[in-house]
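Each number in my numbering corresponds to the 1-based position in the sequence shown with 36 added. Each residue gets a CB set at the ideal place from its N, CA and C atoms; glycine is no exception. Predicted model, so just to flag it, every value in this text is computed and none were measured. The next block holds one structure in the form of structure tokens; read it before the comments.
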Amino acid sequence: MIELRNLTPGDAPAVQQIYSGASVAFTRTHGMTAKEAADYVEHTIAHARTTPQERWCFGITVGGDDAVGLVKFREHGQRHATMSYILREDTWGNGYATEAAKQAVAHAFTHAEITRLSAKHHPDNPASGRVSTKAGFVQTGSTPTGPTLGRPRVDFPVYEIRRPQDPDNRT
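This is the structure in structure tokens:
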């Protein structure tokens with residue numbers, strides 16, 4: 037069973053494993069060192085304590101074990117946030133990202149007062165697009181992303197999901 041939970045300081049080694057190898061192939065980052073992972077976890081915990089909260093990051097666990105991935109979203113104003121997810125390479129293909137994305141969407145719409153989420157993925161990573169679609173997102177277009185880490189500029193498919201309207205029509 038997939039569960040989302042807040043990160044704790046003890047998650048730094050798991051985060052370092054998540055941000056390594058093939059898992060970072062289509063991200064704007066590189067494999068993390070132990071210090072970078074500890075700093076990442078520390079900053080994530082600090083953001084979770086801010087009011088109002090503008091960033092959410094959850095560890096994805098399977099059966100209560102160590103985090104095998106992360107799902108996160110960041111508000112950009114107007115109750116709109118962008119969502120992303122990353123899994124440890126050895127956990128791919130089990131539906132974990134899809135289930136985590138669905139849970140994150142539910143959290144965004146019920147607890148974070150977000151009304152619109154968007155996501156994008158590298159065009160050479162169609163599995164990420166399938167995750168978004170299975171989680172209820174609809175492709176709305178593409179956006180060019182500039183060269184990073186020596187990679188060329190490419191058009192990333194963009195997806196969106198909106199919170200269903202409240203019964204009293206207040207979205």
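Every beta strand (DSSP E) of 3 residues or more that sits fully in the segment 93-176 is shown, in chain order, as 103-111, 116-123 and 152-156.
Per DSSP, the continuous beta strand (DSSP E) segment holding Tyr195 begins and ends at Val190 to Arg198. Taking the Cβ atoms as the reference, Ile54 lies roughly 6 Å from Leu106, within the contact range of under 8 Å. The C-alpha of Lys170 lies about 28 Å from the C-alpha of Gly67. Taking a contact to require three or more Cβ pairs closer than 8 Å, the segment 140-157 and the segment 195-202 qualify as touching. When DSSP states are grouped into helix, strand and coil, Ser59 belongs to the helix group. The three-state reading of DSSP puts Pro180 in strand, counting E and B together.
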